[in-house]
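Q: Quick one: the structure is below, and I'll ask about it shortly.
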Amino acid sequence: MAAVGLQKTLGFEILPEVKPGEVEARFTVTEAVAQPYGYCSGGTMLALEETMAGAGSRRIAGEDAMPLGINVSANHVKAVPVGGLVTARATALRTGYRLHVWNVDLFDEAGDLVSTARVTNVIKRRKTAEEH
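Note that our numbering gives residue 317 to position 71 of the sequence shown, counting from 1, and the numbers run on in steps of one.
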């Protein structure tokens, strides 16, 4: 799926699926997503974490699925400066019909953990043209 919306605006690259129940991504911290001190903003990291969980839920639940984030809880544990590369891995912890829970970890170029999040998505189904 092509990058759209927030994913495109912030420059997140969701990588092709390697393993079911896992999503990998990367992005370079730019001044556009930095806080005033020259480091990646926490809001940008939260956006990546929720975006990854949504992408993973969509892969699992199918094209008619609309994963909607209903809870995100994160701890940012290390700063990443402008120009730094962030890599990320999301792992599905539970993938029921209506509820998915993901763990998402972000890493800097040295492989150090910079943020960890738990994301819960509710899975809604898109209505078909006949259902409208």
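The beta carbon of each residue, even a glycine, is placed where N, CA and C say it ideally should be.
Look at residue 295 and residue 350 and say whether their C-beta atoms are less than 8 Å apart.
A: yes
Q: Got a sec, what are the start and stop residues for the beta strand (DSSP E) residue 254 sits in?
A: Residue 254 -> not in any beta strand (DSSP E); alpha helix (DSSP H) instead, spanning 251-256.
Q: Should residue 354 be labelled buried (16 or more other beta-carbon atoms within 10 Å of its own) or exposed?
A: buried
Q: Would you report the Cα separation of residue 282 and residue 314, rounded to the nearest angstrom?
A: 30 Å
Q: If residue 269 sits next to residue 320, beta carbons under 8 Å apart, how far is it from one beta carbon to the other, in whole angstroms?
A: About 16 Å separates the two Cβ atoms, so there is no contact after all.
Q: Shortest alpha-carbon distance to residue 363 belongs to which of 335, 372 and 343?
A: The candidate whose alpha carbon is nearest that of residue 363 is 335.
Q: Are residue 260 and residue 312 closer than 8 Å when you measure CB to CB?
A: no
Q: Using alpha carbons as the reference points, say which of 256, 257 and 271 lies closest to residue 263.
A: 271
Q: With the cut-off set at 8 Å, would you say residue 289 and residue 322 are in Cβ contact?
A: no
Q: Of the residues 258, 305, 309 and 267, which one's Cα is nearest the Cα of residue 291?
A: 258
Q: Taking only three categories from DSSP, how would you classify residue 278?
A: Under the three-state reduction of DSSP, residue 278 is assigned to helix.
Q: Is it buried or exposed, residue 352, if we count other Cβ atoms within 10 angstroms and call 16 or more buried?
A: buried
Q: Near residue 316, what residues of its chain come up, given a Cβ to Cβ distance below 8 Å and the 5 sequence neighbours on each side ignored?
A: Only 366, 367 and 368 meet the Cβ criterion.
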